[in-house]
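Asker: Just dropping this structure here.
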Amino acid sequence: MNERKVWTSLEIVKLVVSVLTPLLLLWLGMIVNVSIQETEHAIRKAEEAREIQRINQLAIQSLAKRVYERRSRAELLASSLKRNVSLEETIERKTNYDDAYFQWNKDHQANLLLVRSVLGSQQYSEFESMIEFYLVRKIFSPLDRCLTKAYDYRMTTGNSGKGILLDCNANELLQQALDCGYALTDELFKLTERNGSNQRAVSSNVIKQRCSAE
C-alpha cells in the first residue's frame, strides 16, 4: 500500500514537471529574447550616436577650414602689401583672398545651421551669435576693410600699404582671428563629445575670453 502511494507521488511529480517544463522553457525563452532585443537596441543606439558624432565633427572641421582659409588668405595679402612686392603677386593674393571671402559668405548661413545641429538646438543659439558677433563683426569685417583700403592705396599710388595696415591694426586683427577662430572651433568640437549644460557654459566662457581679448 505504501509502495503504491510512493509511486503515485512520483507520478504526480512527473506530471507536474512535464507540465511546468514547457512553461518554464517558454518563460526562459521570453526572458532571453527580451534581453537579446534590448542588447541589439542598445548596440544600434550606440552606433547611431557614434555616427551622429562623426557627422557633427566633420561639420566643425569644415567650419574650421573656412575660418582658417579666410584668415590665412588675409595674412598672405597683408604680407604682400607690407613688403610692396610686384603688382602681379599682390593681385594674385587679393584674388585668392576675395575667393576665400566669397566662400565664407556663401557658406556662412549653412555653417551657422550646422552649429545649431551640433548643439541639437531648434533656435538661434548663443554659439551662432558668438561667431557672428566676435569672429565676423569684431574681427573679419574690420580686417577686410583694412586690407581693402591698403590694397586700393597700393593699386592707385604704387606705394606700400604698410602704413595703412599699421593704422588699422592689421597684425592685431590677424592674431585675434587666429585666437578666436581656434577657440570657437576647438570648443565646438568638444561639444560634439560632451554636450551637457555644464560643458556648454565652460565652452561659452572660453570663447568669450579668447575672442574678446584685446
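Okay, so the sequence shown: first residue is 13 according to the working numbering, each after it adds one. The C-beta atom is built at its ideal place from N, Cα and C for all residues, glycine as well. For clarity, every value in this text was computed on a predicted model and none was experimentally measured.
Do you know whose CA, among Y146, S92, S209 and Q211, lies nearest D191's CA?
Answerer: Y146
Asker: CA-CA distance, A86 and N210?
Answerer: 35 Å
Asker: Which same chain residues end up closer than 8 Å to A182 when comparing Cβ atoms and leaving out the 5 residues on each side of it in sequence?
Answerer: A90, L155, C158, L159 and A162
Asker: What did DSSP end up calling V97 once you bin it into helix, strand or coil?
Answerer: coil
Asker: Under the three-state reduction of DSSP, which class applies to A225: helix, strand or coil?
Answerer: coil
Asker: Could you have a look at N123 and say whether DSSP puts it in helix, strand or coil?
Answerer: helix
Asker: Just confirm the distance between the C-beta atoms of L203 and L131, as a whole number of angstroms; I'd bet it's less than 8 Å.
Answerer: Rounded, the Cβ-Cβ distance is 7 Å, consistent with contact.
Asker: Give the DSSP-derived three-state secondary structure of Q135 in the structure shown.
Answerer: coil
Asker: Under a Cβ-count criterion, where at least 16 other Cβ atoms within 10 Å of its own Cβ denotes burial, should F114 be classed as buried or exposed?
Answerer: exposed
Asker: Would you call E199 buried or exposed, if buried means 16 or more other Cβ atoms sit within 10 Å of its Cβ?
Answerer: buried
Asker: What residue range is occupied by the uninterrupted alpha helix (DSSP H) comprising N207?
Answerer: Here N207 belongs to no alpha helix (DSSP H), and DSSP marks it neither H nor E.
Asker: Determine the burial state of R83: buried for a count of at least 16 other Cβ atoms within 10 Å of its Cβ, exposed for fewer.
Answerer: buried
Asker: For M13, which residues of its own chain have a beta-carbon under 7 Å away from its beta-carbon, when the five flanking residues on both sides are left out?
Answerer: With a pLDDT of 48 at M13, under the threshold of 50, the modelled position of that residue is not reliable, and the figure given next carries that caveat. Around M13: no qualifying Cβ.
Asker: Looking at C-alpha atoms only, which residue of G193, I219 and K220 is the closest neighbour of R78?
Answerer: G193
Asker: Need the endpoints of the alpha helix (DSSP H) that L177 sits in, please.
Answerer: Its alpha helix (DSSP H) spans residues K174 to D179.
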